[in-house]
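Just below is one structure, and these are the notes that go with it.
In this note's numbering, the protein residues as written are 120 to 373.
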């Protein structure tokens, strides 16, 4: 485990050094944006954000399909980028699949998201970041229906090709705005010297909390982007809380 963490730190540091070298000339001339340093982290974030599936479950029940369970936990991989007091964060994530299965019909539901955030650190403590942030979130819900009765009604290959079945996949795009605040505590790790650069390594552990505003909700779609009317249309606006842990770096020119 120690070797893996060490290798990850080196990979992140090399990426940081390459960026610093690319910017060194301009920085020296202008006293620039980075002030001879670059910082950030590779992170894992686990988020709780409730999904309102009551309307969807009612439609499934009306068609003889059992209700889906909760789909409220998001698992995200993200990167943070620190420029002075400004903090930028981008990430991609998903929810584990929730399933309803009564033997005849099987329904599976999960979600995907892509997000970006910008915040400002008000803390004077070099080992602590406290920042409000605003973010943009692009997501999609995916519902897969498997009709086992009709799907398995024949064992002949040719007959199965044109077999009539209710099996299909639905999806719905969404756009949201995130308003919140975050905290990171930095556990310092022994710095590493790399030529004319020093990489100060750290392990950021923190929280994010706020409110997700479902600003725009697309129609449910099926097949080749075919739009459907009268689908579940309840807004997915909700509070969210995230636990954050990562591998951080700060590259400084000696």
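Here a beta-carbon is modelled for each residue, glycine too, at the ideal position from N, C-alpha and C. Only a predicted model underlies this, so the values are computations on that prediction, with no experimental measurement involved.
Item, Value
"Please report the straight-line C-alpha distance between residue 342 and residue 303, rounded to a whole angstrom.", "43 Å"
"Which whole-angstrom value describes the C-beta separation of residue 350 and residue 292, a residue pair presumed to lie in contact below a C-beta threshold of 8 Å?", "That belief does not hold up - the Cβ atoms of residue 350 and residue 292 are roughly 12 Å apart, past 8 Å."
"Which same chain residues, not among the five before or five after residue 158, have their C-beta less than 6 Å away from its C-beta?", "201, 369"
"In three-state terms, what does DSSP make of residue 248?", "strand"
"So the candidates are 203, 228, 276, 229; which of them puts its Cα closest to the Cα of residue 240?", "203"
"Using 8 Å as the cut-off, can you tell me whether the region 271–279 makes contact with the region 304–316, which would need three or more C-beta pairs spanning the two stretches below that distance?", "no"
"Alpha carbon to alpha carbon, what distance is there between residue 327 and residue 178?", "34 Å"
"Where does residue 363 fall in DSSP's three states?", "strand"
"Taking the alpha-carbon positions, what's the residue 192 to residue 347 distance?", "27 Å"
"Measuring CA to CA, which of 250, 195, 321, 285 is closest to residue 214?", "195"
"Which of helix, strand or coil does DSSP assign to residue 278?", "helix"
"Can you say whether residue 166 is buried or exposed, counting buried as having 16 or more other CB atoms within 10 angstroms of its CB?", "buried"
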